[in-house]
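**Q**
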Ligand code: GZL
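In UniProt numbering, the protein residues as written are 3 to 310.
1. Quick check: the Cα distance between residue 232 and residue 207, rounded to an integer number of angstroms?
2. Taking all protein chains shown into account, decide if residue 212 is buried (16 or more other Cβ within 10 angstroms of its Cβ) or exposed.
3. Measure the C-alpha to C-alpha separation of residue 227 and residue 123 and round it to an integer number of angstroms.
4. Nearer than 7 Å: is that true of the beta carbon of residue 30 relative to any heavy atom of the ligand GZL?
5. Using the rule of at least 16 other Cβ atoms within 10 Å of the residue's Cβ for burial, across every protein chain shown, is residue 290 buried or exposed?
6. Can residue 1 be considered in contact with the ligand GZL, in the sense that its beta carbon sits closer than 7 Å to one or more heavy atoms?
7. Quick check: the segment 171–181 against the segment 147–154, are there 3 or more CB pairs under 8 Å?
8. Give me whichever residues DSSP pairs with residue 179 in a beta bridge.
9. Could you tell me the alpha carbon to alpha carbon distance between residue 102 and residue 282, rounded to whole angstroms?
10. Quick check on this structure: which residue in 21, 247 and 20 has the alpha carbon closest to the alpha carbon of residue 306?
11. Please state if the CB of residue 32 and the CB of residue 174 are separated by a distance shorter than 8 Å.
12. Can you tell me whether residue 161 sits near the ligand GZL, meaning its C-beta is under 7 Å from at least one heavy atom of the ligand?
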C-alpha cells in the first residue's frame with residue numbers, strides 16, 4: 003500500500019488507478035472461456051482493476067452490467083456484444099456518463115460510430131471466405147452435386163452473419179455445391195449434437211460436408227455422426243472455426259479436415275488500448291488480429307503450440 007503522501011508520476015498515476023468494466027457475453031464455448039481467461043490475466047499483468055460481469059447470453063444482463071459500471075464510475079467500459087443489434091440506447095447512456103467504450107470480439111450495428119472508441123475483433127467475413135476456399139480446393143476433383151450442412155452460431159451475432167456470408171460468396175462460384183440445410187446451434191456442443199442428430203435423420207447419406215461456425219458445435223456434430231454410424235472427416239468433410247485444442251485433437255484423429263483460426267486471446271491488445279485511451283492517444287476505429295487456417299497436415303506439429 004502506498005504511503006498517503008507518495009507523489010505518483012503521471013504514468014504510475016494513470017496505470018495505478020485505471021478501472022475497466024468488462025461485459026462478457028457468456029461462457030458458451032471453449033473459445034469464450036479462453037477469451038475470459040485472457041482478459042482476466044492481462045488485466046492483472048497490466049495492473050488494471052477489472053470489474054468482470056458474465057451475461058450468460060443475455061443482452062439484457064449486459065445492459066445491467068454496463069449500468070452498474072456507470073454507477074461505479076469505471077474509467078473505461080469494454081463490451082463483447084452477444085448480438086449486433088439494439089446497442090444504441092445503452093451506448094448513449096455511457097456516452098452521457100463520459101466513459102469511453104471499447105467493443106471487443108463481436109461487433110455492434112450502430113449508425114453513430116462515435117458511440118465507441120474502437121472495435122477489436124476478428125474479420126469473421128474473411129473467416130467464412132477461408133472456409134469456402136478450403137472447400138473449393140478440397141472438392142476440386144470431385145464430381146457434384148455436393149451436399150453441405152451448415153451449423154450457424156448465435157443468430158444476429160456478427161460472427162454468424164459474416165461467416166455465413168463470407169462462406170457463400172466463395173462457394174457460389176461452383177453451382178453444384180449445395181447447402182442442403184442451415185440451422186443455428188448457438189455455438190454450443192450440446193445444441194450442435196442435437197441439431198446434427200435431427201439433420202442426419204432427415205438427410206443421412208446425402209450429407210457430404212459440414213461447415214460449423216465454431217469447434218464446440220462441430221464436436222457435438224461429430225458425436226451425432228458417430229452414433230449414426232457415419233465417419234466424421236471421411237464420409238463427411240468437416241470444416242470448423244476457432245482452432246481450440248480439441249479441434250486439433252480431432253484433426254490429428256482425422257475427424258475434422260480443416261479449422262479456420264479465430265483468436266480469443268485479445269486480452270493484451272485490450273489492456274494496451276485501455277492504457278492508450280487513458281493516455282489520451284488517438285486509436286483506429288478497427289483493430290483486427292491476424293489469423294490463418296489449419297489443416298490435418300500441420301495439426302500434429304502445431305497442437306503443442308496451442309494456447310487455448
Ligand atoms: C468469435 C466469437 C465466437 C466464437 C465461438 O469471435 O464471438 O463466439 O467463434 C464463441 O466459439 O462462442
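Ideal Cβ placement from N, Cα and C applies to all residues, glycine included.
**A** The relevant details are as follows:
1. For this step, residue 232 is matched to residue 230 along the chain shown. For this step, residue 207 is matched to residue 205 along the chain shown. In a straight line, the C-alpha of residue 232 is about 8 Å away from that of residue 207.
2. Indexing the chain shown from 1 puts residue 212 at position 210. Residue 212 is buried by the Cβ-count criterion.
3. Within the chain shown, numbered from 1, the residue matching residue 227 stands at position 225. Within the chain shown, numbered from 1, the residue matching residue 123 stands at position 121. So the two alpha carbons sit approximately 32 Å from each other.
4. On the chain shown, position 28 is the one that residue 30 refers to. Correct: residue 30 has its Cβ closer than 7 Å to the ligand GZL.
5. For the purposes of this step, residue 290 is taken as the residue at position 288 of the chain shown. Per the 10 Å Cβ criterion, exposed.
6. Any property of residue 1 remains undetermined from this structure, which presents the chain solely from 3 to 310.
7. Contact holds: three or more Cβ-Cβ distances are below 8 Å.
8. Counting from 1 along the chain shown, the entry for residue 179 is found at position 177. Paired residue(s): 148.
9. For the purposes of this step, residue 102 is taken as residue 100 along the chain shown, with counting starting at 1. For the purposes of this step, residue 282 is taken as residue 280 along the chain shown, with counting starting at 1. Between residue 102 and residue 282, the C-alpha separation is close to 11 Å.
10. As a first step, residue 306 must be located in the chain shown, where it is residue number 304. Comparing Cα positions, the closest option is 247.
11. Stepping through the chain shown from its first residue, residue 174 is reached at position 172. Stepping through the chain shown from its first residue, residue 32 is reached at position 30. The answer is no: Cβ separation not under 8 Å.
12. Position 159 of the chain shown holds residue 161. Within 7 Å of the C-beta of residue 161 there is at least one heavy atom belonging to the ligand GZL.
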